[in-house]
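**Q** Each number in our numbering comes from the position in the sequence shown (counting from 1) with 1 added on. Just so you know, even glycine gets a beta-carbon here, dropped at the ideal spot from N, CA and C. Take a look at this one; I'll ask things after.
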Amino acid sequence: MNLFRVIFLALFIVVPFYVIYQVTHHAQFPAGVNAAVIAFLVLMFGVILSMPLYFWGERRQNHKKWHDTFFDLG
């Protein structure tokens, strides 16, 4: 499981930077718009990446019947 987490996080670190590079490199945005696009993409990728990390670190709600971890469905 730890190897899966390392691979998962590595992909989710590389892919956002690649997408940001592709969007900002090939588009002809002015500098202010370019900075705003980068800030928006970093924020969105941050929100997406924080969800699995939140569930992996979440141990406070194990007593609740509805609670489940991100990958542990058993």
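(1) I'd like the ranges of any beta strand (DSSP E) spanning at least 3 consecutive residues and lying wholly in the segment 15-52.
(2) CB residue 50 to CB residue 18, shorter than 8 Å?
(3) Pull up the distance between the alpha-carbon of residue 122 and that of residue 35, whole angstroms please.
(4) Please work out which residues of its chain come closer than 6 Å, Cβ to Cβ, to residue 42, disregarding the five sequence neighbours upstream and downstream, and give them in chain order.
**A** On the basis of the coordinates in this document:
(1) none
(2) no
(3) Residue 122 falls outside the range modelled here, since the chain spans only 2 to 75, and no answer is possible.
(4) 21
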